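**Q** If you're matching positions, the sequence shown starts at 20 in my numbering and goes up one per residue.
Just so it is clear, CB atoms sit at the ideal spot from N, CA and C, and this is done for glycine as well.
None of these values were measured; they are calculated from a predicted model.
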Amino acid sequence: MASDLDQKLQALDKSLADLRSFMAGGVMGGAGSAGSGSSGAASAGGGSSFGSAVKPRPTAPAADGIYVSPFAATNGRAEVSFASAGSSSSRGGPSEAQLIRVAKVVENTTGIMLSGRLYDKLANALAKVGASEHVEQWIVGYEVMADRHPAHLDLVEQLTVHETYFYRDERQLEQFRRDLLPAMIRKRIAEGRMTLRLWSAACSTGEEAYTLAIIVSDVLATLATDPKIGRQAAAMNVEVLGTDISRQALARAEQAVYRTEGLGSFRNAPDYILSHFNKTTLREGMRIIEELRVLPNIRQAVRFKHFNLLSGAPPERDFDFIFCRNVLIYMNDANRLQVFRMLQRAMATNGMVLFGPTDSLKGAEIFRLHQVDGLSYYTRD
Ligand SMILES: C[S@@+](CC[C@H](N)C(=O)[O-])C[C@H]1O[C@@H](n2cnc3c(N)ncnc32)[C@H](O)[C@@H]1O
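1) For the segment 304-312 against the segment 266-284, do three or more pairs of beta-carbon atoms, one drawn from each stretch, fall closer than 8 Å, so that the two count as touching?
2) Verify the contact flag: residue 362, CB atom, against every heavy atom of ligand 1, threshold strictly below 7 Å.
3) By Cβ distance, which residues of its chain are closer than 7 Å to residue 375, with the 5 residues on each side in sequence left out?
4) For residue 68, which three-state DSSP category applies?
5) Using 10 angstroms around the beta-carbon of residue 211, count the other beta-carbons present and answer buried if the total reaches 16, otherwise exposed.
6) Could you have a look at residue 140 and say whether DSSP puts it in helix, strand or coil?
7) In or out: residue 332 buried (at least 16 other Cβ within 10 Å) or exposed?
8) Indicate the three-state DSSP secondary structure (helix, strand or coil) for residue 167 in the structure shown.
9) Which runs of the beta strand (DSSP E) at least 3 residues long sit entirely within the segment 289-330? Give them in chain order.
10) Do the segment 252-259 and the segment 277-297 make contact, defined as three or more Cβ pairs closer than 8 Å?
11) Could you tell me the alpha carbon to alpha carbon distance between residue 392 and residue 190, rounded to whole angstroms?
12) Ordered along the chain, which non-local residues of its own chain (more than five positions away) have a Cβ less than 8 Å from that of residue 45?
13) Looking at the structure shown, is residue 455 part of a helix, part of a strand, or coil, going by DSSP?
14) In angstroms with no decimal places, state the Cα-to-Cα distance between residue 140 and residue 283.
15) Tell me whether the beta-carbon of residue 241 lies closer than 8 Å to the beta-carbon of residue 183.
16) Are the beta-carbon atoms belonging to residue 342 and residue 146 less than 8 Å from one another?
17) Quick check: is any heavy atom of ligand 1 less than 7 Å from the C-beta of residue 182?
18) Comparing alpha-carbon positions, which option in 330, 389, 382, 383 lies nearest residue 130?
19) Quick one: Cα of residue 121 to Cα of residue 162, how far?
20) Is it true that the CB of residue 366 sits closer than 8 Å to the CB of residue 199?
21) For residue 261, list the residues DSSP reports as bridge partners.
22) Taking its Cβ as the centre, do 16 or more other Cβ atoms sit within 10 Å of residue 62, making it buried, or is it exposed?
23) Does residue 230 come out as helix, strand or coil in the three-state DSSP assignment?
24) Whose C-beta lies closer than 8 Å to the C-beta of residue 348 among residues of the same chain, with five residues either side of it excluded?
25) I'd like the ranges of any beta strand (DSSP E) spanning at least 3 consecutive residues and lying wholly in the segment 336-366.
26) Looking only at its chain, what residues have a beta carbon closer than 8 Å to the beta carbon of residue 249, apart from the 5 residues adjacent to it on each side?
27) Kindly indicate which residue of 324, 226, 218, 159 has the alpha-carbon position closest to the one of residue 364.
28) How many angstroms separate the CA atom of residue 398 from the CA atom of residue 386?
29) Is any heavy atom in ligand 1 found nearer than 7 Å to the beta carbon of residue 187?
30) Could you tell me if residue 151 is buried or exposed, where buried requires 16 or more neighbouring beta carbons within 10 angstroms of its beta carbon?
31) Starting from the Cα of residue 236, find the closest Cα among 222, 292, 205 and give me that residue.
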């Protein structure tokens, strides 16, 4: 028992020494606590009255719409082999038992569940963050520091799935555009509240946040012709917040530029969504690439922030609509409930939250469920 503890302490010592030299070597760049609600990726300003003149806003430095990962140089699969459970492999890669320990830290801090079939991915991710040497020490250090570990966010980058596109889940967004949103705008105008706040929680590369801003812009333009509330609708201020745990995804969201090729961002975009972009082309070798840039009046209504859904406190409050879609599927019951409680605290009175149609919703009973035409949304009380 005592020697086991001694061994652990020695491993911890070594790991902290490794960490110190790792940090002293300047490898820390950009890493920080996943729990932070404030942001390196956040942009100033935000909020927009779509009726007002278009103001220029700062944009993140763009590299042809593509964010270059710090791991870009290690493109292929890293060499990691498994030894029998409990010991490191002969090439210094993690054993299955060690991977299980790392997966536990990842799950506790982010909610991302890594089951057996994803251990291969985890092993490669560990190799890329420099954990293939002194594996045991590295893992002990990670267990101690968890989301304060300098490599934590780099690890998370590789384990998150960023699949998203404009106008994802058409039926739900049509209900939002046709019914929920106009009703909310009328209610807020009647209350004399002239700012509408929306949150795309787990926004990935921004398509969901911009989709919401475009829909609100179009609905307000229609309501601006209403004889009763037209003047107020035209003056309504709109703020859309997009948050994600992935800084790389947020950097792409900030750029607001999307390629049209392949089964990409625009696979489901109707014409009225496309009308809110400027088309540009660029040459890449022999290829001509077409890109669409979000128009400034939409761009300026959207802000992005780094935020971990398991942070406890919401990044901001008083949201009229929260979209939290296609992220809860990765979470266990306890973590999901923690997210629900946090979202509940972020909602305005009569605010609504919408989840993805395939999200697991066990625990969502803390909200009030509404069902219309087979579609569900939730209010706080
Ligand atoms: C599949 S995408 C969904 C994007 C968008 N909501 C949609 O439905 O198209 C899931 C996103 O959740 C993010 N994510 C995973 N765990 C998270 C956490 N604990 N906090 C914040 N974002 C998280 C990932 O980085 C990824 O960008």
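**A** Working from what's here:
1) yes
2) no
3) 188, 344, 345
4) strand
5) exposed
6) helix
7) exposed
8) helix
9) 296-303, 306-313, 321-325
10) no
11) 10 Å
12) Low confidence applies to residue 45: its pLDDT is 33, below 50, so where it sits in the model is not reliable, and the reading given next is rough at best. Within the same chain, residue 45 has no close Cβ partners at all.
13) What is shown of the chain runs 20 to 400, which leaves residue 455 out entirely.
14) 23 Å
15) no
16) no
17) yes
18) 330
19) 7 Å
20) no
21) 219, 323
22) Residue placement at residue 62 cannot be trusted, given a pLDDT of 40 that sits under 50; the coordinates are not used to answer.
23) helix
24) 375, 377, 378, 379
25) 338-343
26) 242, 243
27) 218
28) 6 Å
29) yes
30) buried
31) 292
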